[in-house]
Amino acid sequence: AQALATLSVSPNPTPDGELRVQVGEASANGIYQVEALNLLGASVLSQTLRLSASAPATLDLRALPAGLYLLRLTDAQGRTALRRVVRQ
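Residues in the sequence shown are numbered consecutively from 4, following my numbering.
Below you can see the structure in the form of structure tokens.
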């Protein structure tokens, strides 16, 4: 699968559990499947987000305990991006 390079997540670490996710270019705008994986590789959160270069989307991680997570974002063409996120 082709990687999505222009994806940003902030703030990281996230102290309040609300993570802003944004693509860096308008050609990447669209619907994404977002999955948070724990360090054992188990999915602990899965949802769909509409991402845009013009405005960030908010991913709510408040239900997750503090720790390190891997976010996997997949677009409609099957391209994926992985980002490490720390939930404080």
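Glycine is no exception: its CB is placed at the ideal position from the N, C-alpha and C atoms.
Does DSSP put residue i in a helix, in a strand, or in coil?
| i | result |
| --- | --- |
| Ser30 | helix |
| Ala66 | coil |
| Leu71 | strand |
Nearest-angstrom Cα distance between residue i and residue j?
| i | j | result |
| --- | --- | --- |
| Ser57 | Gly70 | 30 Å |
| Leu40 | Glu28 | 26 Å |
| Arg23 | Leu64 | 11 Å |
| Tyr35 | Leu43 | 23 Å |
| Ser13 | Val37 | 15 Å |
| Ala45 | Val89 | 16 Å |
| Ala20 | Ser11 | For the record, residue 20 in the displayed sequence is Gly; it is not Ala. Between Gly20 and Ser11, the C-alpha separation is close to 16 Å. |
To the nearest whole angstrom, what separates the beta carbons of residue i and residue j, a pair I think is in contact under 8 Å?
| i | j | result |
| --- | --- | --- |
| Thr83 | Leu76 | 7 Å |
Under the DSSP definition of a beta bridge, which residues are partnered with residue i?
| i | result |
| --- | --- |
| Ser13 | Arg23 |
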